[in-house]
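Residue numbers (our numbering): 1 to 269.
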């Protein structure tokens, strides 16, 4: 796909403050109101480093959540490992059920780098096992960053490693709208260039299939929902969201934005 063609979509977001809706039956108590006020003041004054001290169970996560709600900015929360990241992710999801709380950690269940043992003249090939659920959540996280402002990303320190250019990734998207004209073969070609695989029998995440006049796509960021693009000739007649297991429709969509099935996809030169 040509980077400058009209088939590509550059994602832009509003630059205004994000609306974070903290939901909890509890109110800040004890030293929490003071800590919240001082942290917010430090951020507004441009302080780069602040430390919040507290014993386990003192409500540091709850305090940080109130700071996020007040400063109204997309937030990255780093944890030293996957276990703590998962715990923080669950807590933030419960505190911000109406916002985009996402999880971004390494998707390897197992990784053995290639190696050479001179003593025995042995070459060990690289081996790895990717966790599909975590890969889906990584795609959901990057999509949220490009489409929304009310985003909280909970990540392990592995997020410091780059996954490519955001400009390249955001340009490799495809937006489809009901009533738009697109040839079926051209649509299939574009999906293939976004690293989706055609599989008419095993419909899983990252694949698409053709059924009559419809093209069904299982997006990289969704777990239990897929999209059906119904064509009438070269016109998109309707777009539906449906359950890939039962086929039941969940509703109709006016438009969809399809992100690449890989973070490492690049456009043609």
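Built from N, CA and C at the ideal position, the CB exists for glycine as well.
Judged by their CB atoms, residue 192 and residue 255 are not nearer to each other than the 8 Å cut-off. Within the model, the alpha-carbon separation for residue 245 versus residue 205 is close to 12 Å. For the segment 37-98, the continuous alpha helix (DSSP H) assignments of 4+ residues that do not extend past its boundaries occur at 60-71, 82-95, in sequence order. About 6 Å separates the Cβ atoms of residue 68 and residue 20, confirming a contact at the 8 Å cut-off.
By the neighbour-count definition (other C-beta atoms within 10 Å, threshold 16), residue 261 is a buried residue.
The beta carbon of residue 52 sits closer than 8 Å to those of 35, 39, 60, 63, 64, all from its chain and outside the five residues before and after it, given in chain order.
CA-CA distance, residue 42 to residue 48, rounds to 8 Å. Only exposed fits residue 183, as fewer than 16 other CB atoms lie within 10 angstroms of its CB. Rounded to the nearest whole angstrom, the CA to CA distance from residue 24 to residue 195 is 41 Å.
With fewer than three CB-CB distances shorter than 8 Å, the segment 140-151 does not count as touching the segment 118-129. Inter-residue distance for residue 242 and residue 209 is about 14 Å (C-alpha atoms, whole angstroms). Comparing alpha carbon positions, the residue from 115, 90, 17 closest to residue 73 is 17. Assignment of beta-bridge partners to residue 134 by DSSP yields no partner. Looking only at 111, 269, 99, the smallest Cα-Cα distance to residue 126 is reached by 111. The Cβ-Cβ distance between residue 202 and residue 150 does not fall below 8 Å. Ranking 223, 130, 185 by CA distance to the CA of residue 213 puts 185 first.
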